[in-house]
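2 protein chains.
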Amino acid sequence: MEKQVEKITSRDVDFAKWYTDVCKVADLVDYGNVKGSMIIRPYGYAIWEQMTSVLDKEFKKLGHENVQMPMFIPESLLNIEKEHVEGFAPEVAWVTYGGKEKLEERMCVRPTSETLFCEHFKKIIKSYRDLPLLYNQWCTIVRWEKTTRPFLRSREILWQEGHTMHATEEEARNETLQMLKVYEDFQRNYLAIPVFVGRKSEKEKFAGAKETYSIEAMMYDGVALQNGTSHYFGQDFAKAFDIKFLDKDNTLKTPYQTSWGCTTRMIGALIMTHSDDRGLVLPPNIAPYKVCLIPIGNDEKVTNTLNTLKEELDSKNITYKVLDDDKTPGFKFAEAEVKGYPIRIEIGKRDLENNNVTLVRRDTLDKIIVNKDEAIDILPILLDTIQSDMYNKALKRRNKMIYETDNYEEFKELATKPGFIKVNWCGRTECEDKVKEDTGLKTRCTIMDEKASGKCPICGHDATCKIYFGKQY
Amino acid sequence: MEKQVEKITSRDVDFAKWYTDVCKVADLVDYGNVKGSMIIRPYGYAIWEQMTSVLDKEFKKLGHENVQMPMFIPESLLNIEKEHVEGFAPEVAWVTYGGKEKLEERMCVRPTSETLFCEHFKKIIKSYRDLPLLYNQWCTIVRWEKTTRPFLRSREILWQEGHTMHATEEEARNETLQMLKVYEDFQRNYLAIPVFVGRKSEKEKFAGAKETYSIEAMMYDGVALQNGTSHYFGQDFAKAFDIKFLDKDNTLKTPYQTSWGCTTRMIGALIMTHSDDRGLVLPPNIAPYKVCLIPIGNDEKVTNTLNTLKEELDSKNITYKVLDDDKTPGFKFAEAEVKGYPIRIEIGKRDLENNNVTLVRRDTLDKIIVNKDEAIDILPILLDTIQSDMYNKALKRRNKMIYETDNYEEFKELATKPGFIKVNWCGRTECEDKVKEDTGLKTRCTIMDEKASGKCPICGHDATCKIYFGKQY
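These protein sequence lines map, in sequence, to chains B and X.
Read in my numbering, the first sequence has 158 at position 174, and its numbers run on one by one without any break.
Read in my numbering, the second sequence has 2 at position 18, and its numbers run on one by one without any break.
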């Protein structure tokens, strides 16, 4: 195992390399032989299952139902909404043959499913009684990327896409913001990631949307990771697809639409927010195994204590992993650290002479020696403490990397540092383009609870909003 | 709603039409606009979620871990195992373009993933310590079908595929049979479907497998539905992919492989086994909602009783649906029947004068008038009774449609009737081909617990096994 830990490049030496090392050494992913393809291994998939099970329950609580749409979109269907097709056509995979037969019309593998949902909605929406329609789909999508970074960029992405239709604009707008809040709460409370939520600029919004809202997290290296989006479509798609409903007042109306999605990128965010040079550090609320039990030696007392602890954990429904093969204790400690189990319990003969076991927190590596009969009782509180400590640590680090300025020269200087820059902004694409050219930074999202005041530092026009700029993954 | 029920063709008039009517009217599926494509609607998907959640737990209990492999297989990779590519190449979808660029090598969308798993196994299997490798994947696969029948035949299929590697032949053979048993128990205990399990003939086995075992159910019309398969591969794929492990005795060995899968076909089997001219009939153990509550009229006492019953159901974790909109009682009863909720509870003013509510079993349509305070208490027993009654009814019907003969002339006569024919068989493909030509019947599966005795009625050679013949979906 020492060999394995050696394989992790230091985070402060080469962050990109450190990230891919952690993904590989913690057995989260493997690369397929084809460029751009990725295999999610059991431990990586278990983290995704933790995420999907929490989110799926939240979605259902709010009345959403899961469906499964086809994965292929005929070219003519993709073409129906103009902005949408322009945004996606350059990056889709095209199926042209079925067996030996050339298809009359080629089809792409869905890069997203607005068009498929709209085609279905047209058939099933007749009356106001059919609204709101609150659908969600768990599936994979394909975007023909040329580079691969585990969980961040690959040809095939596991995700969830919500698609909803509403009788009124107000209701659709509320849905857009409600689902943004679901993502925000999930990331804060489960992933222990402090996030900004706000509106994307005109330039950065989703192809075909009226408004896009996003979740923006700042990674350890100060770079932004967009981590969930929620779109308000207005009636554009509905009009393009001729979707109408008979309202209570007996007139035909066009419904209002939203969509929202999040992906395995959240696993990337999790890693790049919390993990360190020893490997993964997982927040207890999302860790597939909360505890790792490590018996040291073959002593009978050790085995008995191990068995008692396992029973107690089972009875308290606390998930755990046991490392009880014939490897050395040092190897096992390193293994537990690489995998990021929030707490490891070392069960050793010497400790047991005093009726003790040793608990080690993965986030701080602090050791706590406790009576073996009390070890399991203190776990719930300790796990909660780790969860909130991890959030606070990430929040403190992030806040140190947020700068504010009303001067463009200073802006350009700040742009050389890692982090986000907060400015008043005019909202015009020209200024975004200029910043991109001068510094490489892009807009992240507007600051929803702060009003604009003063001038845009880039062009001097009146500001219309406050916004974050930052580099992005 | 009466209108909706009218839409269901009678099962005894046109079984095929009845089936698709039930799928549509119960809101299980919709057709996509593209030939061969299918949309699984919320109620259909909820049934699939019931199935996947039970099976996923069973798989994990037995040590299997979920992974996610890429969906694209490069042509050269598909070509590695000869029999396999011959079986699948004619029915795959080929991706030839990524965005505007023609691919150097075309890729198919996975029709099954043996080749992808083997490529990954080659990388991660080094030593006996890495075995057994017990993997499973939930995903969709594509086979370029020209016809669509909901859940039975469509271009894209939701399924689960297990892929395992073992150090010894015995262990791999045990795994093949163990997973067959998991499917069998699931279908008996949850879907209330009596099934035969046995080995497929040489002709009917999976492309590339040494042995294929299958689950064979007989539908209401006497036609067979293959409903889950488990394959033993021996070392053929492992050799083709050059997968080796260092065994305890320090020599390099080739591992033994299995795969096993089941699909949304099980929803088709569920419908064609139990449902009737009024719509779905779902066994309680798999129904997304066990109970349907129907308040009749706007009376305060009715509303209070409804609320009390809801609370009691919640506290007992019994899932339910409430039909409390402004439609007529007759409409709601028909709606509850179409959807196949195992029990509906009618809450009416007149019944309540005697403190009663009316329970109606979906499977028998029997009415049971009970004191409202006892209604929920009797549900668990009533649901169990419905579950076993449904199984027994299906079993009785199936057993009536099984014939046995040792005379080929009689065989050909029996072949005109719905059902299966049980015979001693020589095991030779020539005889299968002859039966297919003479009668349209194919072999289903061998009878594992009965030994062959006597001659094959088709050719007169010595029999090597007993087997079922039948028509198939």
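Using N, Cα and C, we set each Cβ at its ideal position, and we do this for glycine too.
Exercise. Would the beta-carbon of residue 94(X) fall within 8 Å of that of residue 64(X)?
Worked result: no
Problem set entry | Cβ of residue 179(X) within 8 Å of any chain B Cβ | no
Exercise. What residues match up with residue 229(X) in a beta bridge as DSSP calls it?
Worked result: BP columns for residue 229(X) point to 237(X).
Exercise. What beta strand (DSSP E) runs, 3 residues minimum, are completely inside the region 3 to 54 of chain X?
Worked result: If we require 3 residues or more, the beta strand (DSSP E) runs fully inside the region 3 to 54 of chain X come out as 13 to 15, 22 to 24.
Problem set entry | 6 Å CB neighbourhood of residue 2(X) in its chain, flanking five on each side removed | -7, -5
For this session: Run down chain X in chain order and give the residues with a C-beta less than 7 Å from the C-beta of residue 104(B).
Result: 14, 23
Exercise. What residue range is occupied by the uninterrupted beta strand (DSSP E) comprising residue 180(X)?
Worked result: 179 to 183
Problem set entry | Distance, residue 427(X) Cα to residue 188(X) Cα | The C-alpha of residue 427(X) is placed about 8 Å away from the C-alpha of residue 188(X).
Exercise. So, does the CB of residue 17(X) fall closer than 8 Å to a CB anywhere in chain B?
Worked result: Interface flag for residue 17(X) against chain B is set, since a Cβ pair is found closer than 8 Å.
For this session: Starting from residue 82(B), find everything on chain X with Cβ-Cβ shorter than 7 Å and list it in chain order.
Result: 77, 128
For this session: Give the interface partners of residue 116(B) over in chain X, defined as CB-CB distance under 8 Å, in chain order.
Result: Within 8 Å Cβ-Cβ: nothing; residue 116(B) doesn't reach chain X, min ~13 Å.
Problem set entry | Closer than 8 Å at the beta carbon, the chain B residues around residue 408(X) | What residue 408(X) touches in chain B: nothing, since even the nearest Cβ is about 38 Å away.
Problem set entry | Residue range of the beta strand (DSSP E) that includes residue 452(B) | In this chain, the beta strand (DSSP E) harbouring residue 452(B) covers 449 to 454.
Problem set entry | C-alpha distance - residue 250(X) paired with residue 349(X), whole-angstrom precision | 24 Å
Exercise. Who does residue 62(X) pair with in a DSSP beta bridge?
Worked result: According to DSSP, residue 62(X) bridges with nothing at all.
For this session: Kindly indicate which residue of 102(X), 440(X), 277(X), 248(X) has the alpha-carbon position closest to the one of residue 226(X).
Result: When only C-alpha atoms are compared, the closest one is 102(X).
Exercise. Name the chain X residues whose beta carbon is nearer than 7 Å to that of residue 107(B)?
Worked result: 14
Exercise. Contact check, residue 266(X) vs residue 134(X) under 8 Å by CB: the rounded distance?
Worked result: A Cβ-Cβ distance of about 16 Å is found for the pair residue 266(X) and residue 134(X), leaving them out of contact under the 8 Å criterion.
Exercise. For residue 374(B), which residues does DSSP report across the bridge?
Worked result: Under the DSSP definition of a beta bridge, residue 374(B) lacks any partner.
For this session: With 8 Å as the threshold, decide whether the Cβ of residue 267(X) is near any Cβ in chain B.
Result: no
For this session: Return no unless some Cβ of chain X is closer than 8 Å to the Cβ of residue 144(B).
Result: no
Exercise. What's the C-alpha gap between residue 14(B) and residue 110(X)?
Worked result: 15 Å
Exercise. So is residue 219(B) in contact with chain X if we call contact Cβ pairs under 8 Å?
Worked result: no
Problem set entry | Euclidean distance between Cα positions of residue 77(B) and residue 159(B) | About 31 Å.
Exercise. How would you call residue 353(B), buried or exposed, if buried means at least 16 neighbouring beta carbons within 10 angstroms?
Worked result: exposed
Exercise. So, residue 272(X) versus residue 290(X), is the Cβ gap smaller than 8 Å?
Worked result: no
Exercise. Taking 8 Å as the CB-CB limit, is residue 240(X) close to chain B?
Worked result: no
Exercise. Which class does residue 71(B) belong to by DSSP, given the choice of helix, strand or coil?
Worked result: helix
Exercise. Would you say residue 151(X) and residue 197(X) are within 8 Å of each other, going by their C-beta atoms?
Worked result: One thing to note: residue 151(X) has its Cβ no nearer than 8 Å to the Cβ of residue 197(X).
For this session: Let me know if residue -14(B) comes out buried or exposed under the rule of 16 or more other beta-carbons within 10 Å of its beta-carbon.
Result: Note that residue -14(B) scores a pLDDT of 43, beneath 50, so its modelled location is shaky and nothing firm can be said.
For this session: Leaving out five residues on either side along the sequence, give the residues of the same chain with a beta carbon under 8 Å from the beta carbon of residue 381(X).
Result: 204
For this session: Alpha carbon to alpha carbon, how far is residue 105(X) from residue 53(X)? Give it in angstroms, no decimals.
Result: 12 Å
Exercise. If we count the other Cβ atoms within 10 Å of its Cβ and call it buried at 16 or more, is residue 454(X) buried or exposed?
Worked result: Taking a 10 Å sphere around the C-beta of residue 454(X), we find 16 or more other C-beta atoms and assign the residue as buried.
Exercise. Does the region 230 to 248 of chain X touch the region 302 to 322 of chain X, meaning 3 or more C-beta pairs lie closer than 8 Å?
Worked result: no
Exercise. Which residue's Cα is closest to the Cα of residue 242(B): 119(B), 148(B), 270(B), 302(B)?
Worked result: Nearest of 119(B), 148(B), 270(B), 302(B) to residue 242(B), Cα basis: 148(B).
For this session: From the DSSP output, read off the bridge partner residues of residue 408(B).
Result: In DSSP, residue 408(B) forms a bridge with 450(B).
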